[in-house]
Each structure stands twice: as C-alpha cells, then as structure tokens.
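The numbers in the working numbering rise by one with no breaks, and the one at position 41 of the sequence shown is 28.
By construction, the Cβ of each residue, glycine as well, lies at the ideal position given by its N, Cα and C atoms.
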Amino acid sequence: MPTVTLIGERLAEVGTEFVYGGESPACEGCPYREQCLNLTENRRYRVTGVRDSGTLECAVHDTGVTAVEVEPAPVLVNVSSNVAYAGSKAELAGPCPHTECPSHEFCEPAGADFD
C-alpha cells in the first residue's frame, strides 16, 4: 500500500526515484511537517501516483510541494552469487573501501540500510 507524502513539484512525476534525506532546518514551524516528514530517512522511494490536490508553498522547494503516493523502491546492489536468486533478501557487508572502483555505487547504494 502506498504512502502519501509531499514532495517538491519538480519531483512529482510517476516513476521518479529519490532518497529521503530527512528534515531540513527550514521545515521548523511548517504547518505541513507531518505530511512531508512521514518517510524513513535515507531510504529510496519511487513515486507511484500524483494526487490532484494543487501546490502548497514550501520553504525548501522553490516551486512548492504537491501530494504524491510513494513506495519503497528496490535497490540494486552487488551480492555474492550464492545468495542471488529471485525473491531473496541479502545483508550488505557494510562500507566498501574501494571508492575508485566503477562498481562502487552498487556496493554502497544510496537508499540501502547498513545496520
């Protein structure tokens, strides 16, 4: 079931993916805080629907925010082949020291959780 949240008008397009970065200092005192800050920080989301509810003013997004439906998006990662099969879940090893590697973005993908 999708979650309804508010995002910047420019991002409000079905299929757009983003990593929720959390609260900005500019959010303090905003009447729409609860609708905007209802996602999990550092998780990747995909917009699955745009609500026809108009645009609201926002101190963070210069063109305002609008209501959208989002769902957690899949994250592409490098995993060992012995755990890579359809529907499987794998734990990530953690931060990778090989930052110059062309595949580094798949070892530490944005939106992945390292506990």
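Look at the beta carbons and you see the stretch 42 to 52 touching the stretch -5 to 9: at least three pairs across the two are nearer than 8 Å. Counting only runs of 3+ residues, the beta strand (DSSP E) found wholly inside the stretch 25 to 57 occupies 31 to 37, in chain order. According to the DSSP secondary-structure assignment, Pro59 is paired through a beta bridge with Tyr32. Ranked by how close their Cα comes to the Cα of Ser75, the residues Thr35, Phe5 and Val66 have Val66 in first place. Taking the Cα of Thr86 as reference, the smallest distance to any Cα among Cys94, Arg38 and Val62 is reached at Cys94. The beta carbon of Val55 lies closer than 6 Å to those of Ile(-6), Ala(-1), Val34 and Val37 in the same chain, with the five residues before and after it left out. Tyr72 counts as exposed, since fewer than 16 other C-beta atoms from the protein chains shown sit within 10 angstroms of its C-beta. Inclusion of Gly81 and Asn29 in the CB contact set at 8 Å is not warranted, their separation being larger than that value. In this model, Pro18 and Ala46 are separated by some 11 Å (Cα to Cα).
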